[in-house]
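First to last, the sequence lines map onto chains Z and P. Numbering of the first sequence is given in full-length UniProt numbering, commencing with residue 1 and proceeding in unit increments. Numbering of the second sequence is given in full-length UniProt numbering, commencing with residue 1 and proceeding in unit increments. C-beta: ideal position from N, C-alpha, C; glycine also. Comments concern the structure below.
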Amino acid sequence: MSVLVIAEHDHRRLFPATRHAVFAAQQLGLDVDVLVAGCDCRDVAVSATALAGVRSVLLAEAAHYAAQTAENLAALVAAQAGPYSHVLTSASAFGKNLLPRIAALLDVEQVSDVCRILSADTFVRPVYAGNALATVRNANAKKVLSIRAAAFSAVEEGGNGTVLEIAASPDLGLVEVLRRDRRDAGRAELGLARVVVAGGRGVGSCDDFNRLLTPLADKLGAALGASYGAVSAGYAAPDLQIGQTGKIIAPDLYVAVGISGAIQHLAGIKDAKIIVAINKDPEAPIFKVADYGLVADLFEAVPALVAALG
Amino acid sequence: MKILVPVKRVVDPCVAVRVKPDASGIDASGVRMSMNPFDEIAVEAAVRFREAGVAAEVVAVSCGVPASQEVLRTAMAIGADRGILVETANELSPLAVAKLLKAVCAEEKPDLVICGKQAVDDDANQTGQMLAALLGWPQATFASALDIVDGRVCVTRDLDDGREALRLPMPAVVTTELGLNEPRYATLPNIMKARKKPLRVVAPGELGGEPSVGVMTIEWAEPPVRRAGVRVESVTDLVDRLRAAKVL
Ligand SMILES: Cc1cc2nc3c(=O)[nH]c(=O)nc-3n(C[C@H](O)[C@H](O)[C@H](O)COP(=O)(O)OP(=O)(O)OC[C@H]3O[C@@H](n4cnc5c(N)ncnc54)[C@H](O)[C@@H]3O)c2cc1C
Chain Z
1 MSVLVIAEHD HRRLFPATRH AVFAAQQLGL DVDVLVAGCD CRDVAVSATA
51 LAGVRSVLLA EAAHYAAQTA ENLAALVAAQ AGPYSHVLTS ASAFGKNLLP
101 RIAALLDVEQ VSDVCRILSA DTFVRPVYAG NALATVRNAN AKKVLSIRAA
151 AFSAVEEGGN GTVLEIAASP DLGLVEVLRR DRRDAGRAEL GLARVVVAGG
201 RGVGSCDDFN RLLTPLADKL GAALGASYGA VSAGYAAPDL QIGQTGKIIA
251 PDLYVAVGIS GAIQHLAGIK DAKIIVAINK DPEAPIFKVA DYGLVADLFE
301 AVPALVAALG
Chain P
1 MKILVPVKRV VDPCVAVRVK PDASGIDASG VRMSMNPFDE IAVEAAVRFR
51 EAGVAAEVVA VSCGVPASQE VLRTAMAIGA DRGILVETAN ELSPLAVAKL
101 LKAVCAEEKP DLVICGKQAV DDDANQTGQM LAALLGWPQA TFASALDIVD
151 GRVCVTRDLD DGREALRLPM PAVVTTELGL NEPRYATLPN IMKARKKPLR
201 VVAPGELGGE PSVGVMTIEW AEPPVRRAGV RVESVTDLVD RLRAAKVL
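Printed below as a string of structure tokens:
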């Protein structure tokens, strides 16, 4: 029995979520290998060998892994999965897209968004927007699990795994990726940030979203996030969405500005250590979960907060 | 061109569910049920293609209990032409549903399947990708824009750090993001019309058998409750308290 963790990367660096998935894999008490599939991405594989406790890093390089399409990656992983009892990725957009395709090719079920590992076949996962926690027993021959990265620590450095080159699978040529727009990663990654400042529909415009919230995020060293209300109104990019159907976060400090606190939004912030809410409506549901609530007009409170932080 | 849209009956997304006191499941008695909101978006997208003359027929499919006929009627009230219910009282997993849908696809031969990206009850986010894998079709998940140009599917996908544009040959599977469209409200005349549209009920046995399920929930629990904290008087009060709590 051993575990295969599929690495998420941009061909240059390993993404932090993978370190959390490797940490989760180690909770299973089995040998852990990491698979890096990409294009000119040996550096990524080498950095994965440095993760504590990683045995081997399987490296598959081919031009048709450049776009990281689920079709080609799933075929590769399914071909490599034979010796492994468990296959894991983080439950990021990458993992959500890829992993069910792998599970179906292997003819096994998948357990999504695992937030606790109780044993090699028993896992806890949130359902109903996090309003319930289900403990599931998985009787499938192989356990395919997506990992809620924010629920696990990151594995430390200090490993001395080896890189094993493996053959690429053939290009299935099923999809063309025409364009990819990545937001520049200057700011902390939202999913794993220690501090998050998020704006909602109450912020009122895209200009105000940036004008008010960016200085606050800078002062706090925070990642920026948003409610779906702000995303649907066009104030914030979709990749900033926090919640049941966006990103799940677990920061030490979460500051919600002009966000009402719908069930779907709360699903994404339940594990924040401290929640601060700034809202002009004293009845807003966000105050039911906020550790510190400030009933105020955000257009006055946010600049005052930036000033008070010095 | 034919579009197939799988739809699921779920606890209404506005309901905050509770776990039964004996931890045996969700207390669903008397809880309002509705169509999974992401599936409504999928139906809307499909119906728009038919209205634009791009698609000839939209077929809604559900797998589950007899009451799932209601969500098929809702899909037909939005504009789907007919419905198929694969009726079973048994627990289904996303893989089991994908296998049943694969069998439906073998009969119906759709050119495009549009699924919701996740169901808001189990939040699994698996069925569309699994169906694509079983059929050997390309997939485009989390679509926030969808078009059909020269017989190919063009999709903008939302990613964790941006978006990407894909082009896929048909047949293909697409899953919908919240921002893809805003589903219309079904009007009363359309709800009436939907009652007369064809709805076929089939048993899993007619589709090659009911797939087994190997992931069982053995315990249900409520997450730790968060309680409301304090109302702070002012911005300075807030900063003082955050400093005291050592988060600044
Ligand atoms: C299937 C489904 C999935 C969903 N998934 C998500 C998800 O993942 N994440 C998510 O966030 N939502 C999600 N939603 C949407 C969710 O239901 C809410 O509609 C959304 O969260 C509301 O966003 P909001 O709080 O910004 O807007 P609103 O609810 O409109 O709240 C705006 C708030 O701003 C306050 N405000 C206004 N002006 C000011 C001011 N000057 N100063 C201070 N406060 C002010 C108001 O009092 C109000 O409380 C989902 C919905 C569905 C149906």
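- Only exposed fits P/G53, as fewer than 16 other CB atoms lie within 10 angstroms of its CB.
- At a cut-off of 7 Å, the C-beta of Z/S169 has no neighbouring C-beta in chain P.
- Contacts with chain Z (Cβ-Cβ distance below 7 Å) from the segment 21-38 of chain P involve I26, listed in chain order.
- Assignment of Z/S47 by DSSP, reduced to helix, strand and coil, places it in the helix class.
- Using a Cβ-Cβ cut-off of 8 Å, P/P110 is close to nothing in chain Z; its nearest Cβ partner there is about 17 Å away.
- For P/L168, the uninterrupted beta strand (DSSP E) segment begins and ends at G162 to P169.
- Beta-bridge pairing by DSSP links Z/L253 to Z/V195 and Z/I274.
- Neighbours of Z/K288 in chain P, taken as residues whose beta carbon is under 7 Å from its own, are A228 in chain order.
- In this chain, the beta strand (DSSP E) harbouring Z/N138 covers A132 to N138.
- Ligand 1 never approaches P/G116 closely enough for any of its heavy atoms to be under 6 Å from the residue's Cβ.
- Within the segment 124-142 of chain P, the residues whose Cβ lies closer than 9 Å to any Cβ of chain Z are, in chain order, A124, N125, Q126, T127, G128, Q129, M130, L131, A132, A133, L134, G136, W137, P138, Q139, A140, T141 and F142.
- Of all residues in the segment 233-246 of chain Z, the ones placed with a Cβ closer than 9 Å to any Cβ belonging to chain P are A237, P238, D239, Q241, Q244, T245 and G246, in chain order.
- Within the segment 273-297 of chain Z, the residues whose Cβ lies closer than 9 Å to some Cβ of chain P are K273, I274, I275, V276, I278, P282, F287, K288, V289, A290, D291, Y292, G293, L294, V295 and A296, listed in chain order.
- Remark: the shortest separation between the CB of Z/S227 and any heavy atom of ligand 1 falls under 6 Å.
- The CB of P/M170 never comes closer than 7 Å to any CB in chain Z; the least such distance is about 11 Å.
- With a cutoff of 7 Å on beta-carbon distance, P/A98 and P/L134 are scored as near each other.
- Remark: the C-beta of P/S144 is outside contact range of ligand 1, defined as less than 6 Å to any heavy atom.
- Proximity of chain P to Z/P16 at the Cβ level (cut-off 8 Å) is not reached, the minimal Cβ distance being about 11 Å.
- The three-state reading of DSSP puts Z/L118 in strand, counting E and B together.
- Z/G261 counts as buried, since at least 16 other C-beta atoms from the protein chains shown sit within 10 angstroms of its C-beta.
- For Z/G200, the CB falls within less than 6 Å of some heavy atom of ligand 1.
- Between the segment 224-241 of chain P and the segment 90-97 of chain P there are fewer than three inter-stretch CB-CB distances shorter than 8 Å, so the stretches are not counted as touching.
- Between Z/G158 and Z/A233, the beta carbon gap of about 46 Å keeps them out of contact (Cβ cut-off 8 Å).
- By the criterion of at least three beta-carbon pairs nearer than 8 Å, the segment 187-196 of chain P is not in contact with the segment 111-120 of chain Z.
- For Z/Y65, no chain P residue has a Cβ inside 8 Å of its Cβ, as the nearest lies near 15 Å away.
- Rounded to whole angstroms, the gap between the alpha carbons of P/L188 and P/T74 is 11 Å.
- In the three-state reduction of the DSSP assignment, Z/A21 falls in the helix class.
- Z/F123 sits in a strand when the DSSP states are folded into three classes.
- Inter-segment contact for the segment 228-248 of chain Z and the segment 182-202 of chain Z is present: three or more beta-carbon pairs are separated by less than 8 Å.
- For P/V173, no chain Z residue has a C-beta closer than 7 Å to its own C-beta; the minimum C-beta separation is roughly 10 Å.
- Taking 9 Å as the Cβ-Cβ cut-off, the segment 125-157 of chain Z approaches chain P at R125, P126, V127, Y128, A129, G130, N131, A132, L133, A134, T135, V136, R137, N138, A139, N140, A141 and S146, given in chain order.
- Taking C-beta atoms as the reference points, Z/A91 and Z/R148 count as a pair closer than 7 Å.
- For Z/V295, the three-state secondary structure derived from DSSP is strand.
- Fewer than three beta-carbon pairs drawn from the segment 9-21 of chain P and the segment 300-308 of chain Z are found closer than 8 Å, and the two stretches are therefore not classed as touching.
- Looking at P/G30, P/D81 and P/G25, the one whose alpha-carbon comes closest to that of P/R200 is P/D81.
- For Z/L298, the distance from the CB to the nearest heavy atom of ligand 1 is below 6 Å.
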